[in-house]
Amino acid sequence: MKIKYYGHSAFEITSNTGVRILIDPFLDGNPLSPIRSDQVKADFIILSHAHSDHLGDTLKIAKKNDSMVIAVAELAAYLAGKGLKTHGMQIGGSRIFPFGKIKFTLAFHGNNTSDGRYAGLAAGILLWVDDSCIYHCGDTGLFGDMKLIGEMNSVDYMLVPIGDNFTMGPEDAVKAVELVSPRIVIPMHYNTWPIIQVDANNFAEKVQAIGKECFLLKPGEEIS
Ligand code: NI
Ligand code: MN
Numbered sequence: 021m022k023i024k025y026y027g028h029s030a031f032e033i034t035s036n037t038g039v040r041i042l043i044d045p046f047l048d049g050n051p052l053s054p055i056r057s058d059q060v061k062a063d064f065i066i067l068s069h070a071h072s073d074h075l076g077d078t079l080k081i082a083k084k085n086d087s088m089v090i091a092v093a094e095l096a097a098y099l100a101g102k103g104l105k106t107h108g109m110q111i112g113g114s115r116i117f118p119f120g121k122i123k124f125t126l127a128f129h130g131n132n133t134s135d136g137r138y139a140g141l142a143a144g145i146l147l148w149v150d151d152s153c154i155y156h157c158g159d160t161g162l163f164g165d166m167k168l169i170g171e172m173n174s175v176d177y178m179l180v181p182i183g184d185n186f187t188m189g190p191e192d193a194v195k196a197v198e199l200v201s202p203r204i205v206i207p208m209h210y211n212t213w214p215i216i217q218v219d220a221n222n223f224a225e226k227v228q229a230i231g232k233e234c235f236l237l238k239p240g241e242e243i244s
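For the working numbering, count along the sequence shown from 1 and bump the result up by 20.
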């Protein structure tokens, strides 16, 4: 399994069997993305919520690649109405797909489409691929049930927002890491614009100080 970062909250996960999964593919409008939406391939696209910095280029990518889009049911229905192949789920439910398992979980955040439609609850994503458990927190504030998420799932990679203003800032994100207790931490949703500019090195030091590994992936970088 490989995890590649495209900046903001966009990741590409490739399973050992070659299944390509994009999470929150905000590429063309993303000042940090090293790649354009017509250069990526995706078998599946998983969305945390409908805000334009997460839905991103889903329509273009899914139409070109015939990707299956997995999202909370209201957002999935909205995208099905745009002609996409979708699978709707809800928070707490899990399902097995050809690459592994997905479960949507809590995120404290809004969720509407750019044309003002309610898109269901914003979500975090738990994803199991090739024996690894990835927790993409989506956009969220800190909440105590992260402890439960950590207890119920042995999280290997926690992709956690640290940019403040719209999501947790670095201090709350360190607490979130403590609650979930993952093996490896990868910060996201920061430095895309001045309003979410933070000192990621300082965050990484604080995470290391509580005994967790933290990787600051540069856009375009991947780990396996
Ligand atoms: Ni958002
Ligand atoms: Mn966002």
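Glycine included, C-beta positions come from ideal geometry on N, C-alpha and C.
Check your understanding: Under a Cβ-count criterion, where at least 16 other Cβ atoms within 10 Å of its own Cβ denotes burial, should residue 94 be classed as buried or exposed?
Key -> Buried: at least 16 other Cβ atoms inside 10 Å.
Review point. Can you pull the DSSP bridge partners for residue 133?
Key: DSSP lists no partner for residue 133.
Check your understanding: Roughly how far, in whole angstroms, is the beta-carbon of residue 214 from the beta-carbon of residue 155, given that I think they are within contact range, below 8 Å?
Key -> In this structure, residue 214 and residue 155 do not form a Cβ contact; the two beta carbons are roughly 28 Å apart against a cut-off of 8 Å.
Review point. So, are the CB atoms of residue 26 and residue 53 less than 9 Å apart?
Key: Yes, they are a contact pair.
**Study point:** Range covered by the alpha helix (DSSP H) that runs through residue 74
**Key:** Per DSSP, the continuous alpha helix (DSSP H) segment holding residue 74 begins and ends at 72–75.
Check your understanding: From the DSSP output, which residues share a beta bridge with residue 117?
Key -> Note: residue 117 is bridge-paired with 120 in the DSSP secondary-structure output.
**Study point:** CA-to-CA distance, residue 81 to residue 235, given in whole angstroms
**Key:** When rounded, the separation of the alpha-carbon atoms in residue 235 and residue 81 is 28 Å.
Point to revise | Under the three-state DSSP convention, the category residue 170 falls into | key: In this structure, residue 170 counts as helix in the three-state DSSP scheme.
Exercise for review: Express the C-alpha separation of residue 83 and residue 100 in angstroms, rounding to a whole number.
Suggested key: Approximately 11 Å between the Cα atoms of the pair.
Review point. Which residues, in chain order, sit with a beta-carbon under 7 Å away from any heavy atom of ligand 2?
Key: Answer in sequence order: 29, 71, 73, 74, 159, 186, 187, 209.
Review point. Quick one: what does DSSP say residue 239 is sitting in, helix, strand or coil?
Key: Reduced to three states, the DSSP call for residue 239 is coil.
Review point. So, residue 243 versus residue 206, is the Cβ gap smaller than 9 Å?
Key: The answer is yes: Cβ separation under 9 Å.
Check your understanding: Contact between the segment 25–44 and the segment 103–114: three or more CB pairs below 8 Å?
Key -> With fewer than three CB-CB distances shorter than 8 Å, the segment 25–44 does not count as touching the segment 103–114.
**Study point:** residue 174 classed as buried or exposed, judged by whether at least 16 other C-beta atoms fall within 10 angstroms
**Key:** Burial call: exposed.
Check your understanding: How far does the beta strand (DSSP E) with residue 180 in it reach, from first residue to last?
Key -> 177–181 is the span of the beta strand (DSSP E), which, as asked, contains residue 180.
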